[in-house]
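**Q** No gaps in the numbering here: position 19 of the sequence shown is 246 in the numbering used here, and each next residue is one more.
Note that the Cβ used here is the ideal one computed from N, Cα and C, for glycine as well.
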Amino acid sequence: MNIPILLALIALSPQKSIIDRLSALKTFKADFYELITYNTGAVSDTWRGKIYFKNPDKLRLEVKLPDKQLIISDGKEVWLYFKKKNEAYKRDVTTLVKEVSPSYIFMDTTKCTVELDTLTETNALFTLKPKNPKGALVIVEGIQMSVSLEDTLPDRVVIRDKEGNSFDFHFTKRKANKKLKDKLFQFKPPKNCKVYD
228 MNIPILLALI ALSPQKSIID RLSALKTFKA DFYELITYNT GAVSDTWRGK
278 IYFKNPDKLR LEVKLPDKQL IISDGKEVWL YFKKKNEAYK RDVTTLVKEV
328 SPSYIFMDTT KCTVELDTLT ETNALFTLKP KNPKGALVIV EGIQMSVSLE
378 DTLPDRVVIR DKEGNSFDFH FTKRKANKKL KDKLFQFKPP KNCKVYD
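1. Does DSSP put G276 in a helix, a strand or coil?
2. Quick check on DSSP: helix, strand or coil for D247?
3. Which of helix, strand or coil does DSSP assign to F414?
4. May I have the straight-line CA-CA distance separating S393 from C339, to the nearest angstrom?
5. With which residues is T349 paired in a DSSP beta bridge?
6. Thinking Y279 and Q296 are a contact (beta carbons under 8 Å), I'd like their distance in whole angstroms, please.
7. On the three-state DSSP scale, how would you describe D284?
8. Run through DSSP, which three-state label would D424 get?
9. Taking its Cβ as the centre, do 16 or more other Cβ atoms sit within 10 Å of F412, making it buried, or is it exposed?
10. With respect to the beta strand (DSSP E) encompassing V367, which residues constitute its N-terminal and C-terminal limits?
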């Protein structure tokens, strides 16, 4: 599609456009880096790795730097594995701590208000806010999402929580709707791994 026509369509109907775009994602994979800025002003190390998402609720986050970690969710349980210590933590998905929850990036956009903030020739910047502040997204104050108009995929997402912390994800080498097997979202503790339930 011609970029000026696409820009015009987005400008005319930003909410429908972003919801259609995100709800069409069956799978998403990308390289990522993340910076966390805490409400104290402190900034975390840069996290780098790969992210895999399968609609509606499967997530795999392979952190390569600063330390190797694996975060896997099948939609019911979440496993956090720290390779250096050979330790794994198993949690119910509802108790997943927000610091390791990029699944907010792919939340059900029908539960959000969506506003177009900025539109350029290359990107559209949207703000998403939970419609129900008492619902499952109670810790999320808002999300800013930059969508590349070249491939209509998110290239940057900033999640702000109600405590004033900011989680800034950047995505490269983005691919959508590629086949991802369910076993990618299952975790089997390695030999001699200490598991905390």
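**A** The structure says:
1. strand
2. helix
3. coil
4. 19 Å
5. DSSP lists no partner for T349.
6. Not confirmed; about 14 Å, so no contact.
7. coil
8. coil
9. buried
10. 367 to 375
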